Structure formats: structure tokens, C-alpha cells
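Protein chains in written order, with our numbering: chain A, 110 to 641; chain B, 186 to 538; chain C, 119 to 470.
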Amino acid sequence: MLVVVPLVYLTYLFLYPLASILWLSLTETGRLDLSPFWQIVARPSLRGIIWFSLWQAVVSTVLTLVLGLPAAYVFARYDFPGKSLARPMVTIPFVLPAAVVGSAFLALLGPDGPLGVDLRRTVWAILLAHAFYNYAVVVRTVGGLWAHLDPRLEEAARMLGAGRVRTFREVTLPLLRPAIAAAASIVFLFTFTSFGVILILGGLRYATIEVEIYRQTTSFLNLGLAAALAVVQMVGVTAILVLYSRYQERRSVELSLRPVRETSRRPRTWGEKTLVTGVLAFTAVFLGVPLLLLVERSFHTASGYGLTYYRALGSVRTGSLFVPPVEAIRNSLVFAAAATVIAVVVGMMAAAVIAYRSDWTARGLDVLLMLPLGTSAVTIGLGFIVALDWPWDLRTSALLIPLAHSLVAIPFVVRTALPVLRSVRGRLREAAAVLGAPPSRVWREIDLPLVARSVLVGAGFAFAISLGEFGATSFLARPDLPTVPVAIFRLLGRPGAMNLGQAMALSTILMLVTALAIGMIERFRLGEGGEF
Amino acid sequence: MLEARDLALHFGPVAALDGFALTVPDGRVVSVLGPSGCGKSTLLRVIAGLQPAEAGDVLWDGTSLRDTPPHRRGFGLMFQDYSLFPHKTVAGNVAFGLRMAGMDRAEVSRRVDAALERVGLPGYRDRSIGNLSGGEQQRVALARALAPEPRLLMLDEPLGALDRTLRERLLGELRQLFADLGITAIYVTHDQEEAFALADHVVVMRAGRVEQEGKPEEVWRRPAGEWVARFLGLANIVEARVVDGWAVTPWARFRVSGASAAASAPMTPVAVRLVLRPDAITVAALGAAPEGAPGDVPRGTVVSRVFRAGGYLLRVQVDGGPLLEVQVTQAGVPQIGARVCLTIAAEGVFVVE
Amino acid sequence: MPVMVVVTVLVAIVSALAGCGAPTTTVTVGGEVVLMTHDSFAVSDGVLEEFTAQTGIKVRVLRSGDAGAMLNQAILAKDHPLADVLYGVDNTFLSRALGAGIFETYESPGLALVPAEFQLDPSHQATPIDYGDICVNYDKAAFAGTVKAPATLRDLTKPEYRSTLVTENPATSSPGLAFVLATVAEFGETGSYTWRDYWADLVKNDVLVVGGWEDAYYSAFSGGSGKGDRPLVVSYATSPVAEVVYAETPVTVAPTGIVAAGAFRQVEFAGVLAKAKNPDGARQLVDFLLSKGFQEDMPLQMFVYPVSTGATLPPEFATYAALPERADAMDPALIGANRDRWIEEWTSIVLP
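See below:
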């Protein structure tokens with residue numbers, strides 16, 4: 110029973126800690142106290158926060174889709190020089206700590222920045238930063254399915270008299286809807302529960318539910334209100350997820366997927382070349398400029414451009430707070446590898462269950478595994494402290510880190526693989542079965558090569574998420590195995606040009622390591638048949 | 186009238202089209218017949234405008250279509266795997282082209298029903314594509330391509346995936362349909378039966394070039410070269426010297442049909458290759474042979490015997506000669522190992538260049 | 119086959135990691151003491167090893183995010199603590215920690231060298247270890263001209279200091295809270311000009327409030343290594359020293375200075391956690407934290423001042439650091455009782 114593993118995993122590592130902390134928080138007075146929920150309804154500031162969380166998430170999602178879809182198209186359908194390099198690079202923003210990205214955006218959005226208008230600490234800064242972070246989700250998830258769509262369907266439409274725009278609207282878009290919905294759901298969840306970006310770029314005025322939970326927990330120790338807010342957040346998230354999951358089922362259409370090398374080609378006409386160049390240029394600017402700012406800062410020393418900061422990373426300075434970067438990188442990579450492996454294994458099992466069964470088990474699992482993305486990191490972190498000392502005391506174990514990362518990474522693996530899995534023609538599987546292949550063999554020989562690419566994309570994301578140490582682990586009691594983001598945080602925790610410079614240098618190294626790691630992951634071939 | 190001139194297109198070192206030329210007059214059906222990989226599908230794609238050629242041009246009524254995008258050419262294309270829109274119903278698929286042409290709802294609806302009628306699927310409007318059988322899908326694809334009344338219809342191996350009876354039936358229906366509609370069409374296939382059944386004009390294609398073209402019967406009876414002959418399934422190709430209307434081989438002597446130019450070459454023996462049509466050879470058990478020198482009537486042993494609808498295909502190893510295929514429709518077919526003698530009728534013997 | 123590879127890798131990684139951080143169930147010779155602290159904790163190589171050399175006990179460090187998160191975790195786990203020693207509770211959180219009863223009483227002999235002003239917990243559950251002041255830092259270059267650096271808190275409301283100050287949100291930042299407390303201490307809650315009026319004036323003078331210290335210092339402050347455009351920031355009294363220590367090219371003068379008035383004293387405490395696995399080792403560790411070796415290491419690691427009078431300051435501190443003459447230190451119980459209310463009121467004043 111394939112469903113057992115993901116279910117047990119999620120129950121122990123998510124539902125159980127969550128229930129524990131929520132129960133504890135709401136029974137602080139000895140009995141169940143639901144008054145915090147009334148507070149939420151009654152206080153306009155809290156209502157305002159909920160409303161803000163919602164609408165900025167919606168707008169961020171739409172913005173990211175609008176900006177990302179053209180790039181998804183270009184990556185899916187065209188070959189261009191440097192494509193295999195560009196793909197992992199699109200995922201780099203994902204990895205960077207909010208502190209670092211925040212500082213880059215603040216520099217760029219100031220009155221002296223390229224835009225000339227002071228957008229710092231406005232909603233625009235938040236929306237743009239969200240789009241920046243989540244661009245890759247749209248490009249890779251939608252692009253992943255798009256690359257497999259049979260171009261003959263579009264050709265058929267054109268033969269029947271549909272121009273490019275109509276073809277897109279009538280044929281391509283409806284077929285892409287599963288992937289678009291998947292990407293949108295992830296982006297929504299991320300932005301709905303956004304924390305670091307809001308804190309840094311939002312100024313005092315803007316707060317999401319997540320920020321408020323953090324405030325209530327760490328500043329006021331008002332666990333009851335924090336729990337109530339966490340529940341509200343989850344209810345909202347669950348509602349969206351249930352709708353989404355129903356939508357996906359109804360709309361799933363079996364497609365005949367084509368291998369990628371059949372669907373992509375060099376741009377031919379002048380129009381195509383302009384489109385490809387334009388989209389790539391936009392991507393390069395939108396993603397590249399903030400990243401380049403960080404890189405530039407890492408090389409820009411007081412005496413011109415040089416490697417001062419990089420060298421400083423390698424030396425022991427008055428026994429400073431720093432961590433040898435090699436150690437931090439190694440820790441990051443080990444955790445990321447572990448988290449990715451777990452996420453892919455558990456995630457693919459879950460994806461298989463969801464794709465092949467359409468009963469309420471499948472739907473429930475679908476919603477359940479997306480929930481961690483939409484749940485407060487503060488709450489889960491505290492939940493771990495409360496719950497995970499039974500049956501083993503995992504509370505301070507290093508193992509907790511990749512496990513926590515995997516909770517956030519599993520949804521990615523599932524979301525990128527599902528649209529493709531669902532589209533695999535049932536008949537192909539039946540053919541294999543008739544030829545004597547048991548279900549696992551069918552899976553390995555038929556489904557796996559077809560979805561391999563999506564699995565690898567999902568694995569790449571999982572790796573990036575873990576490298577970027579998503580909020581989930583900030584609220585744990587961790588053994589002293591600092592990762593690169595932690596090292597960056599620590600460097601930024603003190604004044605001094607050397608600290609800032611080294612933080613930038615480490616960020617640049619983090620970007621490089623990410624690009625390399627994801628590039629390598631995607632080169633890996635699963636099953637035969639090469640790139641499918 | 187469609188004219189394709191001198192089309193050339195390479196995929197890497199491989200030539201998909203190599204100086205290909207084709208003319209399709211109005212109201213005619215042209216078959217393009219060739220083995221897999223000879224560039225047939227590429228040809229259609231180039232004519233449709235889905236793929237540009239490196240050289241050459243496609244003209245309609247004398248005007249070049251080079252700058253016309255596919256959706257404005259007014260051509261219909263029926264894809265090999267149908268490429269039906271999985272997210273639309275049957276009606277949605279068939280109506281697509283009509284909607285693109287800007288017709289109003291009522292008219293579209295009417296035409297959809299008419300098209301479905303015509304292909305024999307009335308009442309299939311609201312069915313979803315995923316639940317259709319191969320034959321049904323093929324018909325929907327046909328209805329979809331026909332509905333907008335394209336000025337040229339192209340079909341890419343449309344009957345490939347169907348079982349024999351269905352194919353035969355649909356072949357007949359297509360013939361009727363083409364005749365009724367007076368449609369201009371290009372039919373691409375690797376199956377000679379289909380090609381010959383449907384077309385007014387057959388083009389045999391090989392490696393991107395035209396190997397032979399002409400009326401179906403001509404091509405069938407007189408393949409222009411050894412390759413065409415083999416492609417058409419004529420396996421009996423032998424070497425001989427022809428003199429004065431007679432073919433002389435070490436193992437037999439027989440008359441050559443008068444239609445061959447070489448046959449009329451008078452006195453000088455010419456070394457040629459001959460095709461012996463399997464249906465022009467008769468077998469008889471030894472002993473019932475007509476009189477004559479052994480050299481005139483070759484003898485041989487039956488090596489294999491395969492039942493084909495309508496008769497048997499024998500393979501006979503001629504004594505001191507080649508392995509010949511013989512098509513036998515008579516009763517009393519010899520067994521494997523039987524000794525037989527062969528009579529070769531002149532009309533079935535001709536020279537291949 | 120790939121499945122086997124995957125499973126093997128997984129097992130290998132899991133076992134490696136589980137070995138890394140799992141708590142030891144058997145106490146080896148000397149044993150182990152677990153120290154739980156926040157992310158800003160720093161110590162030179164060899165210092166903790168010296169403790170091991172002295173006592174034979176190994177120290178394992180756990181990190182928990184910021185001080186607030188750390189305290190939360192300690193309180194939630196108090197029946198089954200995660201560690202033996204908790205270090206990093208400051209005076210703004212002290213009453214909460216004491217109220218939750220997470221500590222065990224322990225009066226360290228090292229307290230003999232600690233002045234009374236730091237011994238804010240008469241019950242000796244929490245032991246003071248270090249202190250620092252939060253005050254306004256200014257960019258020397260920006261105030262080299264006609265406008266001089268402000269001298270008092272009240273100055274910050276004057277027109278010449280419009281749009282110059284950046285501070286942090288007290289609900290999400292410890293220096294931010296300290297600054298608010300300083301204003302409460304300075305201007306009081308009642309009278310003709312209360313701290314609320316002060317903040318209203320600051321708002322009118324276009325004070326910028328951001329979420330965290332890194333953001334304020336590096337992105338909004340213009341002095342030293344800051345890349346922003348505001349010459350005044352709420353930061354630590356030791357920030358100028360850090361600028362010197364971490365300058366790229368050696369400097370003789372610190373690029374930033376501190377406003378001596380209106381500072382707030384922050385004292386950090388450590389304590390033995392109740393129900394700890396190794397209370398004896400915990401006590402020894404607390405002693406060590408008060409010992410000369412650790413106290414003298416702290417300034418250049420964490421940029422705080424040692425409480426112990428037996429410790430001498432490093433030369434950099436002597437040259438570049440200045441402590442404000444007077445720093446407000448509020449009674450922790452008072453802070454504990456009113457902190458939430460002050461933050462709420464502050465929020466309603468500052469947020470439009």
C-alpha cells in the first residue's frame with residue numbers, strides 16, 4: 110500500500126506536532142479557550158492583516174503568472190544557446206535568504222535606483238519581490254508540461270484557421286491549465302505565508318498573518334492568539350487547496366505526451382527570434398539585476414574590485430563569529446541532499462497515489478501534503494518542540510532539519526509531477542501490463558521515463574528550498590551545524606564592512622552552488638530513453 | 186490548383202525533400218506513395234506551411250504561398266494520429282474550423298451535424314474524444330478537416346491504425362466522399378492498395394524525390410525502376426538477355442511483353458533486368474506439362490506456401506534458377522516440396538530500367 | 119536499480135545525521151552539558167574546549183533563532199528540557215522567564231565579582247553574564263558640517279533632524295524594544311510630555327521604522343558599512359567598535375559615534391534549566407560563563423561588555439568604545455508587566 114508511507118510521514122511530522130501545539134496553546138488556561146478566535150473577528154487590525162495576506166497573495170500570484178508564462182513558453186518550445194545553463198539559473202532566487210534579497214531590492218527600489226521612484230517599503234516592493242522569488246515556479250512547472258505538449262494539436266488548430274493567439278486560447282491554454290493551476294497554488298501558498306519579504310520590504314505598515322503569528326509568539330508569548338491565527342491561516346489555505354484539487358480532477362485530460370526533443374526547436378522567423386530574445390532579456394534583467402547587485406557588492410571593496418571578502422571567508426579572523434565557509438557549504442549540501450531524497454521518495458509515492466486513485470483518500474492526501482506550505486513555520490517549529498519527544502527525542506536532532514525541509518519540499522515534487530502523471534495515457538500502462546509487467550515495473554518502464562523530467566525539476570526545487578533554509582527550521586533548537594544561510598544571517602548580525610562584504614560573498618557562493626547543484630540534478634537521467 | 190516546385194529540405198545530413206515537384210489539379214486526388222521515412226509527412230507539412238522549405242516554392246493557382254501563414258492557406262490537414270483536441274467534445278472538434286471562419290452559431294451547428302452525418306457518426310456530438318474507438322476517431326478527424334470545406338485536403342496515412350475490414354470499408358467510403366464532393370486532395374500513404382484505390386494520379390516517392398508518377402494502373406503495371414518494382418511488392422526480378430521479343434536466361438526462355446521498348450530491339454541481345462509478375466506465372470504438376478523443350482518450361486520445387494485472401498502465394502525454387510513468387514488462384518494448389526513446372530505469360534514480363 | 123541506490127543513499131545520510139545530533143543516552147566519562155542559546159552567540163575557538171579541559175565535560179551548543187523564539191521553546195519544553203543551560207534571556211524577557219519557572223536556583227561564586235546593578239534577579243535563578251547598551255548611532259560624516267549630532271533624545275524631534283532617524287519595530291526587534299523602553303523611562307507615562315507624545319513627534323519628524331536590526335543598519339543607515347541614506351540609527355553602543363574591528367582597511371577613528379543620552383541598558387542572563395539532565399555540569403558551565411576566560415572573550419565575539427569586574431576589556435574597546443554615562447535600566451518586573459501594553463500603544467501611535 111503505497112499510501113502508507115506518505116500518510117505516516119505527514120501524520121508524525123506534521124499533523125501530530127501541529128495538533129500538539131495548537132492544543133497546548135488553546136488550553137493554556139487549563140480548559141479549551143476559544144476566545145482568541147473572537148479577538149480575530151473583533152479586532153480590525155487583525156481582520157486587516159488577514160485581508161492583506163489574502164489580496165497580496167492573489168495579486169502576487171497573478172503577477173508572477175503574467176511575468177512567468179512567456180518565459181515558460183520560451184523555455185518549453187525553443188532551443189537557444191545556453192538553455193541548459195539558463196534553466197537552473199532561473200531557480201537561483203529561490204535559494205537566497207530574504208535578508209539578502211531584501212537588501213538588494215531596497216537598493217534597487219530607492220530613489221537613486223534604476224526606476225527613479227522610491228518604491229521601498231511599499232506594496233510594489235513586496236509584489237515584485239514575490240514575483241522575483243517565485244518566477245522559477247511558474248517557468249519550470251508550467252514549462253515542464255508545456256514542453257511535453259504535442260505541438261501537432263496546435264498545428265491542427267492552425268490548419269483549421271486559428272491564428273497564433275486563438276490557438277493559444279483555444280488549445281494550448283486549456284491543456285496547460287493543470288500545470289498553471291499547480292504553479293498558481295504553490296505561489297499562492299508561498300506568498301500567503303510570506304514572512305521575511307514582508308518584514309524587510311513591507312515596512313511597518315504591511316503584515317501578513319505569518320508576521321503577526323511571529324509577533325504574537327516571540328514578543329507577546331500570546332500562544333493562544335498565535336494558534337488562532339495559525340488555524341485561520343490553515344483554514345484559508347485548506348479551502349483553496351480543496352477547490353484546487355477538485356478542479357484538477359475534473360479538468361484532467363489524457364494527453365499524449367511527446368519527448369522534449371521533439372517539441373523544441375530553434376526560433377525560425379524574425380517574429381520568433383524577437384520573442385525569444387525579448388523574453389530572455391526580460392528574464393535576465395528581472396532576475397539578474399538584483400542578483401548581480403549582490404555579486405557586485407561581494408567584489409566591490411574599499412580599494413576597487415577584488416577578492417578581499419572571499420579571502421576573508423577563508424581566514425580565521427580574531428576567532429570571529431563566522432563559520433568556515435567550506436563547513437557551511439558542506440552542511441548545506443548534506444542537508445539538502447537528504448531533504449531532496451526524502452522529498453522525492455515520499456513525494457513520488459504520494460503523487461502516484463493521487464494520480465491513480467480518484468477517491469477521497471487521494472484527494473485528502475493531496476490537500477494534506479500541501480498544508481505544510483500554508484502553515485505557519487513558527488507554529489510547526491514550536492510544534493516539533495512540544496511533540497517530537499515521543500517515541501524518540503528528535504527535538505534537537507540534526508535529522509530534524511532535512512525532515513523539516515522535506516515537509517516544504519514534498520509539495521513541490523508532487524505538484525510538478527502530478528500534471529504529467531495524470532496525463533500519461535492509461536492505455537500505455539495497460540499495454541505494458543498486458544505484456545507481463547507488474548505494476549511496479551509498469552511504473553518504472555512507462556511512467557517514470559515520462560515523468561522523469563518533472564521529477565527532476567521537483568527534485569531541483571526541493572534542493573533549492575533546502576539550500577535556502579526555508580523558515581521551517583528557524584524556530585527549531587538546532588545543533589551547531591550552520592548552513593550557508595545561517596552563516597549569512599550571522600554575518601549580517603553585526604556591523605562592519607567586512608561582515609557585509611563576506612555576507613555578499615557567501616551569498617554569491619550560495620548562488621553558484623545552487624546553480625551547479627540543480628544543473629547536475631537535471632542532467633541525471635532516470636530510466637531509459639534519455640530526455641522525455 | 187496546387188503546384189509544388191522543386192522543394193528541398195534537409196534535416197541534418199538527411200534530405201527529407203530533394204527537388205520534389207508535384208501538381209494537383211482542381212478536383213483531383215493525388216496519392217503520394219512511399220516507404221516510411223521518404224519524406225511524405227514532411228511534404229505535407231511544407232505544403233501546409235507548418236514548416237518552411239529551404240528551396241523551392243508552393244503555389245496555389247499560380248500565386249506563391251511563401252508569405253502566407255498556415256491558418257490562412259485554406260488547406261485542411263488530417264494528421265496521422267488524428268490530433269483531436271482532447272479537451273473538446275466531438276462537436277467541439279468538428280466545429281473548430283467553422284468557428285475560426287467566423288460563422289454564426291446556428292450555421293456552425295448545422296454544418297457540424299452535416300459533417301458528422303457524412304462520415305457516418307450522427308448523434309456523436311457530445312461524446313468525449315477519450316471514449317472513441319480508432320475508427321470513430323478517424324471519422325471525427327475527417328469530419329473536422331472537411332467541415333470548413335478547404336480548397337485542398339491533405340491526408341497523412343489516415344487509415345494506418347485501423348483493422349482490415351474497417352480499412353476496406355472506409356477506403357470505399359472515402360472514394361465515394363471524394364467523388365461526391367469533387368474535392369482536391371493529396372493522400373499520403375505507404376500502402377499501395379490505398380494509393381491505387383483512391384487516386385487519380387499516383388506519385389511514388391523515394392528519399393525526397395519523385396521516383397515515378399502516373400495513373401494508378403500505369404504505375405502498377407509498369408514500375409519505372411527496380412526500386413519501384415520492389416516497393417510495389419514485385420519480388421521476381423531476374424537478369425536476362427532479350428533478343429527479338431524473347432528473354433533468354435540460363436534456366437528458361439520466354440516471351441517478353443510487347444509494351445517494353447527493349448523488347449522490340451531487334452537482333453542484338455541486350456542484357457536487362459526483367460520483372461516477372463507473380464500473377465502471370467502458372468504452375469502445373471510435373472507430368473501435366475505441355476510439350477516442349479525443358480529449357481522453355483522451367484521446373485522447380487515448391488519451397489513455401491502462404492495463404493492469402495483470394496489465393497496462395499507460392500515460392501518456387503527453379504532448377505538452376507532464381508526463387509520465384511507465384512500467385513495461385515486455381516484449385517489444387519501444390520504442396521511444399523512438390524515438383525512443378527512453370528508457364529510464364531508474356532504480358533507479365535517487362536523490362537525495368 | 120536506481121531505487122536501490124536511492125535507498126542506500128537515504129539510509130547513509132539518515133544514519134550520519136542521526137549520529138550528529140542525537141542526544142547521548144549514556145553518560146560517558148565527564149559527560150556532556152547542553153547549552154541552548156540564540157543565533158547571536160559567538161565564542162572563540164578553544165574557549166569552550168578550555169572548559170572541557172578544566173572539567174572534563176563536553177559542551178554541545180544548540181541554537182534557537184532569536185531570543186524570543188528561544189525563550190518560547192524553553193518554556194514549552196520545561197517539563198522535558200532541551201538543554202541544561204539557557205543563555206541569552208535579557209532583562210526585557212527576564213520576568214517572563216522567571217514567571218514560567220524554567221530555571222533552577224543557583225548562586226554562582228562568580229557573582230562575587232559582579233556589581234549589584236546587574237544582579238537583577240534576587241532569587242538567583244538567572245545569572246547575569248553580559249550587558250550592552252542600546253542607543254542612537256550617528257554617521258560622523260553626515261554631521262561634520264553645520265548640523266551637529268543630536269545630544270539628547272528630545273533633539274530628535276527638532277526640525278534639523280527631520281527624516282534622519284531609523285529605528286526598529288519593538289515587536290520584532292530587541293534593540294527596537296529597548297529604544298522604546300528608553301523613551302518610556304525618559305519621558306514617563308504621565309505628565310505634560312509623555313513618551314507617547316514623544317513618539318508622535320518623532321512620527322511627525324518622519325522617523326523610519328523597519329522590521330529588524332540588519333535592515334535598519336545595513337539598508338537604511340548611512341554611516342560606516344551601512345548603505346542607506348539616514349544618518350541616525352538605533353543600534354548598539356558597541357557598533358562603532360565593530361565598524362573598526364571589521365573595517366576593510368585599518369582605521370584610526372571609528373566612522374560612527376553614539377548619542378550618549380537616552381540609552382537603554384540590556385543585561386543578558388544565563389540559567390540552569392529545571393529538570394536538566396546534567397544539572398551539575400550546568401552549574402559548572404554557568405560558573406565558566408562568569409569566569410575570566412569567557413568574560414574576556416565575549417567583547418570581540420558578541421560585542422557586549424562583561425559583567426565581571428575581574429575581566430579586562432580588549433584594547434579595541436578601550437580605544438573606540440564609549441559607554442553612555444547614564445543608561446536606563448528598568449526594573450524587569452515592570453518591563454514584564456507593561457511590555458505588551460507599551461508595544462501595542464506604540465504600534466497605534468506609529469502606524470498610521
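We put the CB at the ideal spot given by N, CA and C, even for glycine. Only a predicted model underlies this, so the values are computations on that prediction, with no experimental measurement involved.
Cβ neighbours of I510/A within its own chain (closer than 7 Å, five residues either side excluded): F444, T582, R587. Bridge partners of D203/B according to DSSP: A193/B. By the neighbour-count definition (other C-beta atoms within 10 Å, threshold 16), N316/B is an exposed residue.
In the displayed model, T282/C falls within coil according to three-state DSSP, outside both helix and strand. Inter-segment contact for the region 196–204 of chain A and the region 616–625 of chain A is present: three or more beta-carbon pairs are separated by less than 8 Å. Interface criterion met: the Cβ of F264/B is under 8 Å from a Cβ in chain A. When rounded, the separation of the alpha-carbon atoms in G183/C and P283/A is 45 Å. Annotation for D208/C: A185, S292, Q384, V385, E386, F387 place their beta carbon closer than 8 Å to its own, counting only its chain and skipping 5 residues before and after.
Between the region 355–365 of chain C and the region 169–176 of chain C there are fewer than three inter-stretch CB-CB distances shorter than 8 Å, so the stretches are not counted as touching. Of W255/A, I494/A, M343/A, the smallest CA-CA separation from A180/A is found for W255/A. Per DSSP, Q384/C is one residue of the beta strand (DSSP E) stretching across 381–391. Excluding five sequence positions before and after A445/C, the CB atoms of its chain that fall closer than 7 Å to its own CB belong to D251, A381, F382, R383, given in chain order.
Under the 8 Å criterion on CB atoms, M607/A is classed as interfacial with respect to chain C.
Below 8 Å, enough C-beta pairs join the region 385–401 of chain B and the region 215–227 of chain B to call them touching: three or more.
An exposed status is given to R493/B, since fewer than 16 other beta-carbon atoms sit within 10 Å of its beta-carbon.
Under the three-pair Cβ rule at 8 Å, the region 326–344 of chain B counts as touching the region 257–266 of chain B. The Cβ of P283/A sits closer than 8 Å to at least one Cβ of chain B. The three-state reading of DSSP puts W331/C in helix, counting H, G and I together. Annotated as proximal: I158/A and I318/A, with beta-carbon spacing under 8 Å.
Within the region 207–230 of chain A, A208, G211, S212, L215, A216, G219, P220, D221, R229, R230 place their CB atoms closer than 9 Å to a CB of chain C, listed in sequence order.
Three or more Cβ pairs closer than 8 Å define a contact, and the region 562–580 of chain A falls short of that threshold against the region 174–188 of chain A. Counting along the chain, R426/B sits inside the beta strand (DSSP E) bounded by residues 422–428. For V525/B, DSSP records a beta bridge to A470/B, G485/B. Minimum Cα-Cα distance from P528/A among the listed residues A513/A, V564/A, P500/A, T372/A corresponds to V564/A. Closest option to I461/C, judged by alpha-carbon separation, among W313/C, L212/C, T170/C, T275/C: W313/C. Comparing alpha-carbon positions, the option among A451/C, A259/C, G164/C, L274/C lying closest to D324/C turns out to be L274/C. With a contact defined as Cβ atoms closer than 8 Å, V362/C and Y438/C qualify at about 5 Å. Taking C-beta atoms as the reference points, G282/B and G272/A fail to come closer than 8 Å. About 13 Å separates the beta carbon of R504/A from that of I489/A, a gap too long to meet the 8 Å contact definition.
The three-state reading of DSSP puts T275/C in helix, counting H, G and I together.
Below 8 Å, too few C-beta pairs join the region 305–322 of chain B and the region 250–266 of chain A to call them touching: fewer than three.
Sorting H156/C, V390/C, A447/C, W331/C by C-alpha distance to the C-alpha of E304/C places A447/C at the top. Residues of the region 254–270 of chain A with a Cβ closer than 8 Å to any Cβ of chain B, in chain order: D259, R261, L262, E264, A265, A266, R267, M268, L269, G270. Burial state of L417/B is buried, judged by a 10 Å Cβ sphere holding 16 or more other Cβ atoms.
By the Cβ neighbour-count rule, Y414/A is exposed, with fewer than 16 other Cβ atoms within 10 Å of its own. In this structure, the straight-line span from the alpha carbon of A471/A to that of L477/A is close to 10 Å.
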